[in-house]
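*Asks:* Here it is, the structure in full.
Protein chains in written order, with this note's numbering: chain A, 615 to 730; chain B, 97 to 210.
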């Protein structure tokens, strides 16, 4: 079974600075998808960014980018120019591309605080 | 607005009571999921459904039952609630099975079992 590990339970960053959240995963598959979700205090789960394993190019969405290292099974999220609204729980998630019934597997999350 | 709606948003139960959480989506999604979120544990899959009339067990199915009688609804039932089931429950849906398909989440339901 696939597992997702987020080794940083909590992180903090100064406003306007850059922070990187770590995620590693364990899988024997070669084709899969990786996601970062944000959960603000409202509890709503919001998709931040998505990466397809067969694409070597790292995904980018405005101030959010990933560093995808397939061989190392690493998928870190970089937030540039951090804003107060970025404060939230961040979850890394994995989903197989090879099976019809492929639920999302989540890491335990990293709580990000943004300091003004 | 289109999306996933969960009811109720909050509920307090006594040990041994039963209840049903309702998830409704209006996006014609085939797949629906129930997750629970506990502090320090992330989201764990309870049950899921790949279509109307079908259900399957996830990672933590014990103590829960589900039904998908209509495509748009996915019900999560607790027959005899236990304090260990105190949690925040999330429903999600996706259009089809592709791994690229993004899940749309509901706003969560906070359940407390005394």
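Virtual Cβ for every residue (Gly too), placed ideally from N, Cα, C.
Keep in mind that this is a model prediction, so the values were computed, not measured.
What does residue 164 of chain B pair with, by DSSP beta-bridge criteria?
*Replies:* Its beta-bridge partners do not exist; DSSP assigns none.
*Asks:* Do you know how far the Cα of residue 124 of chain B is from the Cα of residue 164 of chain B?
*Replies:* So the two alpha carbons sit approximately 13 Å from each other.
*Asks:* Keeping to the same chain, check which residues put their C-beta closer than 6 Å to that of residue 692 of chain A; ignore five residues upstream and five downstream.
*Replies:* Excluding positions up to five away in sequence, the list reads 634, 679.
*Asks:* Are the C-beta atoms of residue 717 of chain A and some chain B residue less than 8 Å apart?
*Replies:* Taking Cβ atoms only, chain B reaches closer than 8 Å to residue 717 of chain A, which makes this a yes.
*Asks:* Cβ closer than 7 Å: which chain B residues qualify as neighbours of residue 661 of chain A?
*Replies:* Neighbours of residue 661 of chain A on chain B, chain order: 198.
*Asks:* What's the call for residue 683 of chain A, buried or exposed, on a 16-neighbour Cβ count within 10 Å?
*Replies:* Classification of residue 683 of chain A: exposed, given that the 10 Å Cβ count is below 16.
*Asks:* How would you label residue 695 of chain A, buried or exposed, when you count the other beta carbons within 10 angstroms and need 16 or more for buried?
*Replies:* Exposed.
*Asks:* Considering Cα atoms alone, identify which of A:651, A:671, A:631, A:637 is closest to residue 617 of chain A.
*Replies:* Minimum Cα distance to residue 617 of chain A is reached at A:637.
*Asks:* What in chain A is Cβ-close to residue 186 of chain B, meaning under 7 Å?
*Replies:* Simply 659.
*Asks:* Can you pull the chain B residues whose beta carbon is under 7 Å from the beta carbon of residue 740 of chain A, in chain order?
*Replies:* Past the boundaries of the shown model lies residue 740 of chain A; chain A is included only from 615 to 730, so the question cannot be answered.
*Asks:* With DSSP as the reference, identify every bridge partner of residue 143 of chain B, one or two as the case may be.
*Replies:* Answer is B:130, B:153, bridged to residue 143 of chain B.
*Asks:* Would residue 649 of chain A be called buried (16 or more neighbouring beta carbons within 10 Å of its own) or exposed?
*Replies:* It is buried - the Cβ of residue 649 of chain A has at least 16 other Cβ atoms within 10 Å.
*Asks:* Just reading off the beta strand (DSSP E) that residue 640 of chain A is part of, what are its end residues?
*Replies:* From DSSP, the beta strand (DSSP E) with residue 640 of chain A extends over 638-640.
*Asks:* What distance in whole Å lies between the Cβ atoms of residue 703 of chain A and residue 723 of chain A, which are believed to be in contact at a cut-off of 8 Å?
*Replies:* Indeed, because the Cβ distance is near 5 Å, the residues count as touching under 8 Å.
*Asks:* Please classify residue 210 of chain B as buried or exposed, where buried requires at least 16 neighbouring CB atoms within 10 angstroms.
*Replies:* Answer is exposed; the Cβ neighbour count stays below 16.
*Asks:* What residues of chain B sit near residue 705 of chain A, judged by a beta carbon separation below 8 Å?
*Replies:* The contacting residues are 138, 139.
*Asks:* If you draw a straight line from the alpha carbon of residue 666 of chain A to that of residue 701 of chain A, how long is it in whole angstroms?
*Replies:* Each residue's Cα considered, the two are about 26 Å apart.
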